[in-house]
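Reviewing the structure listed below.
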Amino acid sequence: MTALTMSKALTAGLRSAMTRDDRVVVMGEDIGKLGGVFRITDGLLGEFGPQRVIDTPLAESGIVGTAVGLAYRGFRPVVEIQFDGFVYPAFDQIVCQVAKLHYRTRGQVKMPITIRIPWAGGVGAAEHHSESPEAYFVHTAGLRVVAVSNPKDAYTVLQQAIACDDPVVFFEPKRLYHHRFDGAEGDIDLSADISDAPPMGLARVVREGTDVTLVTYGAQVLTALDAATAAEDDGVSIEVIDLRSLSPVDYRTVAASVRKTGRVVVTHEAGGEAGVGAEVIASITEQCFHYLEAPPLRVTGHDIPYPPAKLEKHHIPDLDRILDAVDRVLDRPNSLSEVTL
Amino acid sequence: MTALTMSKALTAGLRSAMTRDDRVVVMGEDIGKLGGVFRITDGLLGEFGPQRVIDTPLAESGIVGTAVGLAYRGFRPVVEIQFDGFVYPAFDQIVCQVAKLHYRTRGQVKMPITIRIPWAGGVGAAEHHSESPEAYFVHTAGLRVVAVSNPKDAYTVLQQAIACDDPVVFFEPKRLYHHRFDGAEGDIDLSADISDAPPMGLARVVREGTDVTLVTYGAQVLTALDAATAAEDDGVSIEVIDLRSLSPVDYRTVAASVRKTGRVVVTHEAGGEAGVGAEVIASITEQCFHYLEAPPLRVTGHDIPYPPAKLEKHHIPDLDRILDAVDRVLDRPNSLSEVTL
Amino acid sequence: MMYTLTTQTAHGADTGEVSRLLTPDGERVADPVLDLWAADLDVQTLRTLYRDMAITRRIDAEGVALQRQGQLGLWAPAQGQEAIQAASARACRDDDFLFPSYRELGVLVVRGARPADLVLGWRGEVHGTFDPYALNVATPQIIIGAQALHATGYAMGIQRDGTDQVAVAYFGDGATSQGDVNEAMVFASSFGAPVVFVCSNNQWAISEPVTVQSHFPIAGRAPGFGIPSIRVDGNDAIACAAAMRWALDQARSGRGPAFIEAVTYRMGPHTTSDDPTRYRDKDEVELWRGRDPLTRLEAHLRHLGAFDDAFATEVAAAGDAFAAGMREAALTARTRPAIEVLDDVYAEPHSGIDRQRERFAAYLSGFDGEEAAR
Amino acid sequence: MMYTLTTQTAHGADTGEVSRLLTPDGERVADPVLDLWAADLDVQTLRTLYRDMAITRRIDAEGVALQRQGQLGLWAPAQGQEAIQAASARACRDDDFLFPSYRELGVLVVRGARPADLVLGWRGEVHGTFDPYALNVATPQIIIGAQALHATGYAMGIQRDGTDQVAVAYFGDGATSQGDVNEAMVFASSFGAPVVFVCSNNQWAISEPVTVQSHFPIAGRAPGFGIPSIRVDGNDAIACAAAMRWALDQARSGRGPAFIEAVTYRMGPHTTSDDPTRYRDKDEVELWRGRDPLTRLEAHLRHLGAFDDAFATEVAAAGDAFAAGMREAALTARTRPAIEVLDDVYAEPHSGIDRQRERFAAYLSGFDGEEAAR
Ligand SMILES: Cc1ncc(C[n+]2csc(CCOP(=O)(O)OP(=O)(O)O)c2C)c(N)n1
Ligand SMILES: Cc1ncc(C[n+]2csc(CCOP(=O)(O)OP(=O)(O)O)c2C)c(N)n1
Ligand SMILES: [Mg+2]
Ligand SMILES: [Mg+2]
């Protein structure tokens, strides 16, 4: 077992995938000598050489578009988008080509492309460097979308994504890259066979509880756990679910929890409007309506462009905002007690 | 009063807007001599000249990006995207620039850009010509999103969108361009002052009913009305709501209806996953939970790439699929009676 | 250092400066560069080329007819562009991989597409017809310019596999305005990838004359990216073949990408939905009719004594047979059952699609067999 | 017609062929084209230029220091690139509209940005600081290349208004790979729009040497789009000024867009988050230190007898004063109240934002004043 940060776990995951399958190539801006601006590809150029670790020209549509060509040729490209906010120039190639080619060719052409995206805010970054674009990809049929929240998942799920014959958009929460995880989540068995790991599509009950189901993913998992701890002092038992797979969502796990608790809060950093939280609530309401004792609530970023760094703490849902919603689903006094909705 | 198809009503709306304000320019591919592939700009080149009706090079990012520059200069560009599936190359300019510049500049720079998109399927078109990308824009803060469903709205709302100081993504259902609307919806008073019209953000109760609220927009409004007519024979009274504004949604109107009926079905052609229906259901469930007598349901396109033309009728929700969901919210025998969910 | 413009404005019916080996009358003329690459094109090769082009034209007419008869939803005519399509594809090796646009009918024909492959897509039965790996041809692209990047990426893959194959990207004049085509040139040049860009400048992007995209010859753009290019008479099959052989050699021998602008003309409408009388003069079309690639090659073959009635009859019969196959394929097409809309979204099991399939199957089972197969 | 490559590979520390009016020692040399445009640059103009550049350098150092001290979140150093930034901006008329990237500090200085304008953005207090219409400068762009289209669109607006203004797009060598920059050249050329493209080729795009983007001089790309270009020594302020005057004249007189590649060097890290020792040699940096734009212009002014201690002192004082203003602005910055995250999303009333504002206000009111203003 090796204790690794998420950043190092991702590097290790890439290394394993590249060692196991020589059709895996990684490509992106500054991923060679520099090892990427977050150093996730650190050392790979030296180990695997420039044929497999490709510093590309500065053009995201070009990166994803050439990855499509490489996939046509039977490679498994792992694309690094430098920051979340720079994926949009590649949107056409992702939506019209990467997502659709398998369907368009009736399964004759596979697109085993993994698109890694350092993701979301909370790190005091400049404009366009803290975006949460996951809902765009969740809404795009033909893509799988995952988001990791700890080193162990990062290591395992990244390899699963690369091994998957479908395209996967892989979100890496920037603010957890160097977070210190004590315990099992930060302890990785680099010799373990990933085929023994649970399949990529499964959600995880991170903490059991009985009163409220708190659904989240990415860096918000830690905030949700903090909220659960705080609520415990207050006599409220929160079950925290890390979705891990945002598309498809593992509704079996989520629904089982909701049937138990009857109350749901979903939290994420992206804006709420037509976001992942809306999807989860709509589906859960359909599937568990008669178990619900209160309206499922969202605690999300505001529906605004990502704010300047000094204001981001008012945007990313924190423990207090989550607990306020928990109070609301429990019908306890809360911020909106006096507001007509 | 003049009887117009939606196609002609849009042309008339553009003409009025261009006549009223000489800062309005229209731009896009083939919109000049040809009048656009759907002829919506027919005649405008002759009337307003090439300075205001601009046939652009074949590049959507270029079209929207130069529209941003024109808006910087104080123009009001109306951009035509030739088909729904061709908006993606412009996604970066729309999401990072059009949607965010007002916020980024603290209101100093306005982006009164209207992006017209001939939209959705049902017309037997080739690949990439029948997309329903509205949820991407609804999820993007800083944009307003509207969808029209009849000539009268098309005429009025297009002018409101152009007059609005915010960017508006304006969806035009292709399959209604030449549909014959009898009655008030197809009868337009070209001399009326649009400032007398209801504001752009309001939904419309198209048909009153008491048992189920059926929420939709675009071409699905007609299918919903057909469903309501059919249900009537069956003793079920459906209230049909045309959202018109997809962002923001007029929740006042929708919630009022749901409080009355206690049952909701949302239908749209786009896939369901993180779509507009998910948003509507999540919000309505929060706002009207205690009025709900059944889980709100979605009847949407499958979560698949748009299928080949011959199969599209199995993708776009039709009257039968809507009525099946109506049966479900009414807890009457339906297709899923035997299926464990 | 100052870079000025040495090339001239391209406009209207003028083809500007082009490299050419056949006059419109089919007379062989010299070209210092192309002659090198045309030297060993023997008569048999030229007859094959003529055959490909004639079959392409016949098929194209059938496609238009089938569309007019309601058998197809749409058709994008290739008439007038047969020379560059057939000649470039014939110049390729079988293991070269081609990335066409929707209009490269002649490329598909040369590559051995079957009649059904040409109709089932436009009929709306399926998106992609043939197996790309069977023909070494990618599924034709509708998103303008996107395939230029795919070809470039494929060529990067060839480099990694160390083979001497070449990838070919086909696109139109309009496509050169798209970011993707320009990014493809950047990537191809940066990596020295073995890709050939074939731009069929047919003077029009739907209703927009090429001058909306560029007032200057398109071929002049490539060298700025570090890609040598040639501007060839796209209605001269021999010149097209020679230019393609030059370009393939450049790419195959490790000297990196090459670019061809084939100056040609779209004789028909953009697609069967288009009405070109709204935006262009009949005179222009008639002028180009005089530059027809088939009559030109036929005249040349006649000069060589390599074109007779027997050949003409055989070619016509082959075209008719293929066309009959298309008609047959259209008339006997069976639309897939409704449930199959959910097939092939993913390569591996997917709980979301599974759930939708289960529900949709339950829904469909409520109808009798006939209804469900509507 | 065959287009071959006439230009050479650009690599490493070699600047390749550039137009130049000052040697690294500040000696005035001749250039057939640039001399025409430098003829009436008088000593006072050159002193102003030096002043702009020196203030820019001083401010840049202050920005780095403030970042190191935790006052700013990030800073993108301009050191080494002052000549092209200041000279190009000074050559513009006040009513020309400039579209800079994040690194064009010198452009902002010339345009009269105030100290706070340079720190509040990087500090994370606001996204955009100055009013674009006050400086005729767009809010600096971080999405690589996007502003090239904005400038082109603005220039199309100028054409429609019938004025003789010019729009200027600034971007780096890396940006030339983006579709948007290429599409901007297509649109600008197609419409003959009065836009000048200024590419500061500082040899690096973060860790990638310019050769990843192009093995050929970037200026060589523009003519293919129909845009004349010049490749100028970007550390030679007089050459930069002359080149910009040529380009502005081209655009202003209705002859369409022009392109400048200024060959310069990024002396510092990409941003304060970057560690360039991971990817580039010290020697290369030292070599470029010998080509410093400030010492070069200073030497030239000394030759002319136009540089003395009094001038140096005055310029230093002005730089220090501006830097002090920045420090003051950083230290006295007050973060806006939480509720203001919801301001300015829309220009007109919006029911969605209104609802969120109401709820968030109710939520915030649950905290005491101090908490709410955290
Ligand atoms: C991204 C994108 N934008 C717009 C279109 C609509 N469209 C289809 S063909 C066409 C013109 C293409 O012109 P050109 O590249 O010259 O090819 P041609 O049709 O002449 O062969 C346009 C605008 C599209 N298919 N894709
Ligand atoms: C669309 C986009 N992709 C990636 C980035 C990340 N990024 C920021 S600066 C930069 C390098 C830019 O290089 P260049 O254009 O040469 O400008 P320079 O920084 O050298 O001034 C990169 C890759 C970005 N800001 N935008
Ligand atoms: Mg064309
Ligand atoms: Mg640079």
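Residue numbers (our numbering), protein chains in the order written: chain E, 1 to 341; chain L, 1001 to 1341; chain U, 2001 to 2374; chain V, 3001 to 3374.
Beta carbons are placed, not taken as given, at the ideal position from N, Cα and C, and that holds for glycine.
This structure is a prediction, so every number in the text was calculated from the model and none was measured.
Residue i: CB within 7 Å of a non-hydrogen atom of ligand 4
| i | result |
| --- | --- |
| E/Asn-150 | no |
| V/Arg-3266 | yes |
| V/Ala-3146 | no |
Beta-carbon contacts of residue i that lie in its chain and below 6 Å, excluding the five residues immediately before and after
| i | result |
| --- | --- |
| V/Arg-3374 | Residue placement at V/Arg-3374 is flagged as unreliable, the pLDDT there being 45, under the threshold of 50; the coordinate-derived value follows with that caveat. Cβ neighbours of V/Arg-3374 beyond the five flanking positions: none. |
| U/Thr-2009 | With a pLDDT of 43 at U/Thr-2009, under the threshold of 50, the modelled position of that residue is not reliable, and no figure is offered here. |
| E/His-290 | none |
| V/Arg-3245 | Trp-3037, Ala-3091 |
| L/Glu-1172 | Pro-1118, Trp-1119 |
Closest by C-alpha distance to residue i, when choosing among the options
| i | options | result |
| --- | --- | --- |
| L/Val-1240 | L/Asp-1324, L/Gly-1032, L/Thr-1267 | L/Thr-1267 |
| U/Cys-2100 | U/Asp-2173, U/Ala-2148, U/Leu-2301 | According to the sequence displayed, residue 2100 of chain U carries Pro and not Cys. Cα-wise, what sits closest to U/Pro-2100 is U/Ala-2148. |
| U/Gly-2157 | E/Glu-312, E/Ser-7, E/Val-68 | E/Val-68 |
| U/Ala-2318 | U/Arg-2057, U/Leu-2041, U/Asp-2035 | U/Arg-2057 |
| U/Glu-2125 | U/Pro-2132, U/Asp-2117, U/Asp-2131 | U/Asp-2117 |
| V/Gly-3174 | E/Ile-115, E/Val-329, E/Leu-14, E/Asp-30 | E/Asp-30 |
Opening and closing residue of the beta strand (DSSP E) in which residue i lies
| i | result |
| --- | --- |
| L/Leu-1246 | 1245-1247 |
| V/Asn-3201 | 3195-3201 |
| E/Phe-170 | 168-173 |
| E/Thr-216 | 212-216 |
| U/Ser-2229 | 2229-2233 |
| E/Arg-76 | 76-80 |
Any non-hydrogen atom of ligand 1 within 7 Å of residue i CB
| i | result |
| --- | --- |
| V/Gln-3034 | One point to set straight first is that residue 3034 of chain V is Leu, not Gln, in the sequence displayed. Outside the cutoff, so no. |
| U/Ser-2200 | yes |
| U/Asp-2173 | yes |
| V/Leu-3149 | no |
| U/Trp-2037 | no |
| L/Glu-1029 | yes |
| U/Ile-2143 | yes |
Own chain residues within Cβ distance below 7 Å of residue i, not counting five before or after
| i | result |
| --- | --- |
| E/Arg-76 | Asp-21, Arg-23, Val-24, Pro-112, Ile-162 |
| U/Ile-2353 | Leu-2342, Val-2345, Tyr-2346 |
| L/Met-1200 | Val-1146, Val-1157, Gln-1160, Ala-1161, Cys-1164, Ser-1245 |
| L/Val-1138 | Val-1145, Leu-1246, Ser-1247, Val-1276, Glu-1279 |
| U/Pro-2269 | Pro-2077, Asp-2275, Pro-2276 |
Element boundaries [alpha helix (DSSP H), containing residue i]
| i | result |
| --- | --- |
| E/Met-111 | It is not in any alpha helix (DSSP H) - E/Met-111 carries neither H nor E in the DSSP assignment. |
| U/Gly-2172 | It is not in any alpha helix (DSSP H) - U/Gly-2172 instead sits in the beta strand (DSSP E) that spans 2167-2172. |
Residue i Cβ short of 7 Å to ligand 3 heavy atom set
| i | result |
| --- | --- |
| U/Trp-2288 | no |
| L/Ala-1059 | no |
Chain-order list of residues whose beta-carbon lies under 8 Å from that of residue i (same chain, five-residue window excluded)
| i | result |
| --- | --- |
| E/Thr-343 | This structure leaves residue 343 of chain E out entirely; chain E is present only between 1 and 341. |
Worksheet entry | Proximal residues, the segment 2208-2235 of chain U versus chain V, C-beta separation under 7 Å | Cβ contacts with chain V come from Val-2212, Gln-2213, Ser-2214, His-2215, Phe-2216, Ala-2219, Gly-2220, Arg-2221, Ala-2222, Pro-2223, Gly-2224, Phe-2225, Gly-2226, Pro-2228, Ser-2229, Ile-2230, Arg-2231.
Practice prompt. Identify each residue in the segment 2088-2115 of chain U for which the Cβ-Cβ distance to at least one residue of chain L is less than 7 Å, and report them in chain order.
Written response: none
Worksheet item: For the segment 1089-1104 of chain L, which residues have a beta carbon sitting closer than 8 Å to at least one beta carbon of chain E?
Response: Pro-1089, Phe-1091, Asp-1092, Val-1095, Cys-1096, Ala-1099, Lys-1100, Tyr-1103, Arg-1104
Fill in: Residues of the segment 182-208 of chain E whose Cβ lies closer than 7 Å to any Cβ of chain U, in chain order
Per Cβ criterion, the list reads Gly-201.
Worksheet item: Quick one, which residues of the segment 2266-2284 of chain U are near chain L if we go by CB-CB under 7 Å, in chain order?
Response: Per Cβ criterion, the list reads Arg-2278, Tyr-2279.
Worksheet item: Which residues, taken in chain order from the segment 2239-2250 of chain U, show a beta carbon closer than 7 Å to some beta carbon of chain V?
Response: Cβ contacts with chain V come from no residue of the segment 2239-2250 of chain U.
Worksheet item: Just by C-beta distance, which residues in the segment 2179-2200 of chain U are closer than 7 Å to chain V?
Response: For the segment 2179-2200 of chain U, which is checked against every Cβ of chain V, the residues closer than 7 Å are Gly-2179, Asp-2180, Asn-2182, Glu-2183, Val-2186, Ser-2189, Ser-2190.
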